[in-house]
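If you read the protein sequences in the order shown, they are chains A and X.
Each residue of the first sequence is one higher than the one before, starting from 0 at the first, in numbering that gives the first Met the number 0.
Each residue of the second sequence is one higher than the one before, starting from 0 at the first, in numbering that gives the first Met the number 0.
All C-beta atoms in this analysis are idealised placements derived from N, C-alpha and C, irrespective of residue type, glycine included.
Quick caveat: nothing in here was measured; it's all calculated off a predicted structure.
First the structure, in the form of structure tokens, and then the observations on it.
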Amino acid sequence: MMRVVHYINQFYAGLGGEEAAGLSPRLLDGPAGPGRLLDQLLGDEHEVVATVVCGDNHAAGTAGVTEELLGMVREAGAELLLTGPAFGSGRYGMACARLAAAGTTAGLPSLAAMHPDNPGIGEAGTAPVIAAGASARKMRASLQRVAPALAKLAAGQALTEQDGRVGRSARLGRLVEHTAAQRAVELVLRRLAGEDADAVTEIPLGGFDSVEPAAPVEKVGAASVALLTEGALVPAGNPDRLESARATRWLRYSVDGLDTLADGDWESVDGGFATTAANADPNRLVPLDAARALQRDGAVGGLHDELLVTVGNGTSVVTARRFGVEWAARLRAAGVQAAILTAT
Amino acid sequence: MPVPQRIVHEVNAVEFGEATRYRQRRLVVGSDEVAAAFADAALAAVRPHLASPAERVRIVKPLDVVEPRSRGPEGGTFPGWLAPINRSRGGQTHVLRGAAVLAAGYLPRNQEGLVDMSGPAADLSPFSRTHNIVVEFDPAEDASWADVDAAVRRGLLRLAVHLADAAVDAEPDAVEDLAQPHRAVDPTGGLPRVGAITNLQTQGAFKDVFVYGRSMAGSLPTLIDPAEVDDGAVVSGQYGHPALRNPTYVHQNHPVVAALRARDGDDLRFAGLVLCPEPVEQAGKELMSEHAAWLCRAAGFDAVIVTKEGAGNADNDLALKVDALEAAGVPAVPLYPELSGPDGTGPPLVAGPRRGSLVSTGNYDQRVSLPAVERALGGPRLDVADVEATAAVEVPVATILGALSPLGAGRFTCRSTPPQEEPVQEGAA
Numbered sequence: 000m001m002r003v004v005h006y007i008n009q010f011y012a013g014l015g016g017e018e019a020a021g022l023s024p025r026l027l028d029g030p031a032g033p034g035r036l037l038d039q040l041l042g043d044e045h046e047v048v049a050t051v052v053c054g055d056n057h058a059a060g061t062a063g064v065t066e067e068l069l070g071m072v073r074e075a076g077a078e079l080l081l082t083g084p085a086f087g088s089g090r091y092g093m094a095c096a097r098l099a100a101a102g103t104t105a106g107l108p109s110l111a112a113m114h115p116d117n118p119g120i121g122e123a124g125t126a127p128v129i130a131a132g133a134s135a136r137k138m139r140a141s142l143q144r145v146a147p148a149l150a151k152l153a154a155g156q157a158l159t160e161q162d163g164r165v166g167r168s169a170r171l172g173r174l175v176e177h178t179a180a181q182r183a184v185e186l187v188l189r190r191l192a193g194e195d196a197d198a199v200t201e202i203p204l205g206g207f208d209s210v211e212p213a214a215p216v217e218k219v220g221a222a223s224v225a226l227l228t229e230g231a232l233v234p235a236g237n238p239d240r241l242e243s244a245r246a247t248r249w250l251r252y253s254v255d256g257l258d259t260l261a262d263g264d265w266e267s268v269d270g271g272f273a274t275t276a277a278n279a280d281p282n283r284l285v286p287l288d289a290a291r292a293l294q295r296d297g298a299v300g301g302l303h304d305e306l307l308v309t310v311g312n313g314t315s316v317v318t319a320r321r322f323g324v325e326w327a328a329r330l331r332a333a334g335v336q337a338a339i340l341t342a343t
Numbered sequence: 000m001p002v003p004q005r006i007v008h009e010v011n012a013v014e015f016g017e018a019t020r021y022r023q024r025r026l027v028v029g030s031d032e033v034a035a036a037f038a039d040a041a042l043a044a045v046r047p048h049l050a051s052p053a054e055r056v057r058i059v060k061p062l063d064v065v066e067p068r069s070r071g072p073e074g075g076t077f078p079g080w081l082a083p084i085n086r087s088r089g090g091q092t093h094v095l096r097g098a099a100v101l102a103a104g105y106l107p108r109n110q111e112g113l114v115d116m117s118g119p120a121a122d123l124s125p126f127s128r129t130h131n132i133v134v135e136f137d138p139a140e141d142a143s144w145a146d147v148d149a150a151v152r153r154g155l156l157r158l159a160v161h162l163a164d165a166a167v168d169a170e171p172d173a174v175e176d177l178a179q180p181h182r183a184v185d186p187t188g189g190l191p192r193v194g195a196i197t198n199l200q201t202q203g204a205f206k207d208v209f210v211y212g213r214s215m216a217g218s219l220p221t222l223i224d225p226a227e228v229d230d231g232a233v234v235s236g237q238y239g240h241p242a243l244r245n246p247t248y249v250h251q252n253h254p255v256v257a258a259l260r261a262r263d264g265d266d267l268r269f270a271g272l273v274l275c276p277e278p279v280e281q282a283g284k285e286l287m288s289e290h291a292a293w294l295c296r297a298a299g300f301d302a303v304i305v306t307k308e309g310a311g312n313a314d315n316d317l318a319l320k321v322d323a324l325e326a327a328g329v330p331a332v333p334l335y336p337e338l339s340g341p342d343g344t345g346p347p348l349v350a351g352p353r354r355g356s357l358v359s360t361g362n363y364d365q366r367v368s369l370p371a372v373e374r375a376l377g378g379p380r381l382d383v384a385d386v387e388a389t390a391a392v393e394v395p396v397a398t399i400l401g402a403l404s405p406l407g408a409g410r411f412t413c414r415s416t417p418p419q420e421e422p423v424q425e426g427a428a
């Protein structure tokens with residue numbers, strides 16, 4: 000019998016909803032929430048000995064939190080780690096994926112469960128991810144898939160698609176005999192011979208995200224609004240050395256007390272567009288001057304005092320998704336209701 | 000009109016000397032003649048260097064690359080720059096195959112890349128396999144960057160022609176006939192007519208491509224004589240993502256046209272080449288796509304290979320064009336690089352066609368570990384990685400010049416590996 004430690008968020012632990020999303024990590028004895036059903040499904044084979052809980056905002060937006068959570072998992076004497084199921088929830092999914100990834104890297108057999116389209120899935124690294132439904136309505140069905148996968152992992156066996164394992168297959172680079180142009184001619188000839196487009200492609204299509212717009216803000220005049228940009232606007236001299244392309248991180252700068260972004264104080268280091276006009280008037284990249292006017296007129300309730308910044312140029316979808324989840328966690332924690340994200 | 004021909008002179012070695020000459024596959028470059036080719040009020044000085052395959056040399060901040068070509072005393076190479084446009088084509092172009100002239104140094108908006116002449120990056124760049132004359136430059140005081148850029152470009156073109164002039168009387172290593180497009184009314188013997196659309200990046204200064212010496216921005220898609228492109232009608236001034244550039248050298252050796260010519264008369268007929276700008280606004284992208292699809296049908300293309308230059312923005316041009324062509328009943332095969340993250344598990348495309356047969360030119364984000372080198376050209380630092388230019392460094396494929404050749408020159412690609420296998424982080428190249 001192996002000792003299973005289960006990671007869940009504040010909601011599934013019964014400690015509160017969005018208002019408790021800032022909850023710091025805590026360790027509970029035995030199973031909690033969905034862990035009870037999991038414990039039943041595992042039968043006599045394995046036992047859920049402890050539950051680690053963290054609020055979604057804290058887990059997605061705090062530096063070093065993954066290490067702290069893994070420390071608690073270790074402290075509880077884990078021989079197996081399950082995180083989730085996170086279903087379609089982005090912040091929860093990211094926390095589950097990161098913790099499972101850290102566990103796997105540290106040699107602890109770990110498993111995350113979430114919907115295949117969860118934006119956190121890209122953070123799972125080499126940890127296996129088992130498919131869960133899109134929402135908690137699929138809790139039982141999801142755990143019925145997770146329990147046997149966990150048993151298989153305990154036995155040291157590799158998990159496959161037959162076990163419900165998901166995650167994009169890795170696209171690995173290699174050199175081949177013919178040039179891309181020569182291969183294109185081959186594909187054209189196969190298409191002209193009547194083969195279907197989808198059958199002769201080197202890159203499978205599909206899987207593009209569609210983002211559902213949030214509901215309109217009810218009382219804009221009372222809402223706190225944040226300014227965000229992927230146009231790489233940073234203090235002059237780029238003191239934190241934001242990349243000009245292929246961002247690995249995002250930064251935040253205070254605009255508290257500023258009425259405008261003065262030229263000379265700010266610059267865009269984006270390598271993907273001509274920055275001359277943006278540097279001549281940084282407000283045209285991040286409209287602080289106009290937002291302050293709206294604030295003075297009472298059209299918006301308040302302006303968030305931090306500008307969140309990254310560079311979109313050449314940044315991969317996986318990384319951009321992560322930034323999105325982290326930004327949402329930070330803004331929610333600060334009580335922001337709406338954001339204006341400028342892109343270049 | 001005679002079939003255009005390339006008169007090929009192989010280059011196996013380069014060295015500096017007093018005067019430029021070519022003999023027995025050895026190119027001697029006259030140092031003073033390099034300076035003469037680059038004489039311009041916008042440049043204070045130029046410094047030529049050599050970098051040959053297998054040497055432990057790194058070129059940082061590479062700009063454009065040009066293959067030495069000459070039409071001999073009659074002239075005509077680089078129409079619109081060094082020669083009149085729209086001359087009647089045909090006749091012979093001398094090519095110094097295996098040599099390239101390359102500028103390296105700071106220009107604004109140049110996204111910094113590199114060329115390693117040995118090591119793992121050398122498998123990925125077409126310019127690790129050429130004997131390169133690398134020209135560093137100092138701008139003149141008070142010269143505008145636009146003038147410096149133009150002066151460097153003119154210098155590269157002049158030097159390329161000047162070097163190839165030295166081989167005009169030499170015995171060639173090969174003579175290549177260049178198949179010309181079949182007209183829509185020509186009988187095809189039952190073979191399908193396959194053409195090419197080449198999108199050119201057009202985003203203003205330092206991100207522009209020139210056709211007959213003019214920016215392609217604002218133009219409608221046009222058919223062009225591929226022999227003119229062979230002679231340098233398309234010249235690059237585009238310094239965006241290094242791996243996703245099509246330097247002039249690649250247009251001179253247009254890989255898609257070459258692949259179509261190679262099969263001409265066997266299992267297809269080469270139908271022609273369409274050049275098309277990549278506008279930055281959506282309405283422009285839609286106009287270009289619809290018009291290019293109409294042009295291909297009007298020219299009788301049965302199928303077409305579509306290429307781009309640049310990153311995400313240009314993926315939309317490719318996607319819209321493929322959608323327009325497929326909707327018009329013309330199968331269209333686009334060439335796409337992938338952006339699937341360092342471990343290859345992310346979504347590979349930011350914008351793709353609704354359906355289609357795509358060719359992968361490799362993953363932009365894949366990491367490559369480069370060993371330290373003995374000397375560096377183009378500058379003392381690799382700023383993009385914040386290290387000495389000669390240092391050992393790990394970089395994404397994105398920084399290696401031409402590594403994901405959007406025009407299809409490369410042999411790099413990606414394949415899916417099922418999720419139960421461990422992703423490989425590096426070294427797969």
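Buried/exposed call for residue i, threshold 16 Cβ in 10 Å
{"i": "A:Lys218", "result": "exposed"}
{"i": "X:Phe77", "result": "buried"}
{"i": "X:Ala402", "result": "buried"}
{"i": "A:Leu158", "result": "buried"}
{"i": "X:Asp141", "result": "exposed"}
{"i": "A:Ala333", "result": "exposed"}
{"i": "A:Met0", "result": "exposed"}
{"i": "A:Ser243", "result": "buried"}
{"i": "X:Pro246", "result": "buried"}
Per-residue contacts from residue i into chain A (C-beta, under 9 angstroms)
{"i": "X:Asn362", "result": "Arg170, Leu171 and Gly172"}
{"i": "X:Ala302", "result": "Val187, Leu188, Arg190 and Leu191"}
Proximal residues to residue i (C-beta, below 7 angstroms), its chain only, five neighbours per side dropped
{"i": "X:Ala270", "result": "Pro180, His181, Arg192, Val193, Gly194, Ala298, Gly299 and Phe300"}
{"i": "A:Val285", "result": "Leu226, Thr228, Leu232, Leu260, Leu306 and Thr341"}
{"i": "A:Phe10", "result": "Gly16"}
{"i": "A:Val4", "result": "Val48, Ala49, Val51, Val72, Ala75, Ala77 and Leu80"}
First and last residue of the uninterrupted alpha helix (DSSP H) at residue i
{"i": "X:Gln251", "result": "Thr247 to Gln251"}
{"i": "X:Gln281", "result": "Gln281 to Ala297"}
{"i": "A:Trp353", "result": "What is shown of chain A runs 0 to 343, which leaves residue 353 of chain A out entirely."}
{"i": "A:Ser141", "result": "Met138 to Ala153"}
{"i": "A:Leu27", "result": "Per DSSP, A:Leu27 belongs to no alpha helix (DSSP H); it is in the beta strand (DSSP E), Arg25 to Asp28."}
{"i": "A:His57", "result": "Asp55 to Gly60"}
Contact set between residue i and chain A, taken where Cβ atoms lie within less than 7 angstroms
{"i": "X:Pro191", "result": "Leu191"}
{"i": "X:Ala397", "result": "Arg245 and Gly313"}
{"i": "X:Glu337", "result": "Arg170 and Ile202"}
Sequence-distant residues of the same chain with beta carbon closer than 8 angstroms to residue i, five excluded per side
{"i": "X:Pro422", "result": "Note that X:Pro422 scores 38 on pLDDT, short of 50, meaning its location in the model is unreliable; the coordinates nonetheless yield the value given after this. Excluding residues within five positions, the ones whose Cβ falls inside 8 angstroms are Asp342, Gly343, Thr344 and Thr416."}
Contacts around residue i, its chain only, beta-carbon distance under 6 angstroms, and the 5 residues preceding and following it disregarded
{"i": "X:Gly311", "result": "Val349"}
{"i": "X:Ile304", "result": "Ala195, Val255 and Val332"}
{"i": "A:Ala20", "result": "Gly54, Asp55 and Asn56"}
{"i": "A:Trp326", "result": "Leu307"}
{"i": "X:Arg25", "result": "Ala12"}
{"i": "A:Ala12", "result": "Ala31, Gly32 and Val52"}
{"i": "A:Leu152", "result": "Pro108 and Leu110"}
{"i": "A:Arg25", "result": "Val52"}
Chain X residues whose Cβ lies nearer than 9 angstroms to that of residue i
{"i": "A:Thr424", "result": "In this structure chain A extends from 0 to 343, so residue 424 of chain A is not present and cannot be described."}
Enclosing beta strand (DSSP E) for residue i [first to last residue]
{"i": "X:Tyr21", "result": "Arg20 to Arg22"}
{"i": "A:Pro203", "result": "Segment: none, A:Pro203 is in no beta strand (DSSP E) and carries neither H nor E."}
Chain-ordered chain X contacts of residue i [CB-CB under 7 angstroms]
{"i": "A:Gln181", "result": "Ala258"}
{"i": "A:Asp197", "result": "Arg354"}
ask   = Given 8 angstroms as the limit, is there contact between the region 205-223 of chain X and the region 142-155 of chain A, that is, 3 or more CB pairs closer than that?
value = no
ask   = Counting Cβ pairs closer than 8 angstroms, one from the region 379-395 of chain X and one from the region 95-103 of chain X, do we hit at least three?
value = no
inquiry  = Using a Cβ distance threshold of 8 angstroms, determine whether the region 183-191 of chain X contacts the region 91-99 of chain X, with at least three qualifying pairs required.
reply    = no
query = Are the region 2-13 of chain X and the region 236-245 of chain A touching, with three or more C-beta to C-beta distances below 8 angstroms?
reply = no
key: Touch test, the region 232-251 of chain X against the region 397-411 of chain X, Cβ-Cβ under 8 angstroms, three pairs minimum   = yes
query = Does the region 53-66 of chain X come close enough to the region 377-388 of chain X to have 3 or more Cβ pairs within less than 8 angstroms?
reply = yes
task = Could you tell me whether the region 102-122 of chain A touches the region 19-37 of chain A, using the rule of 3 or more Cβ pairs below 8 angstroms?
result = no
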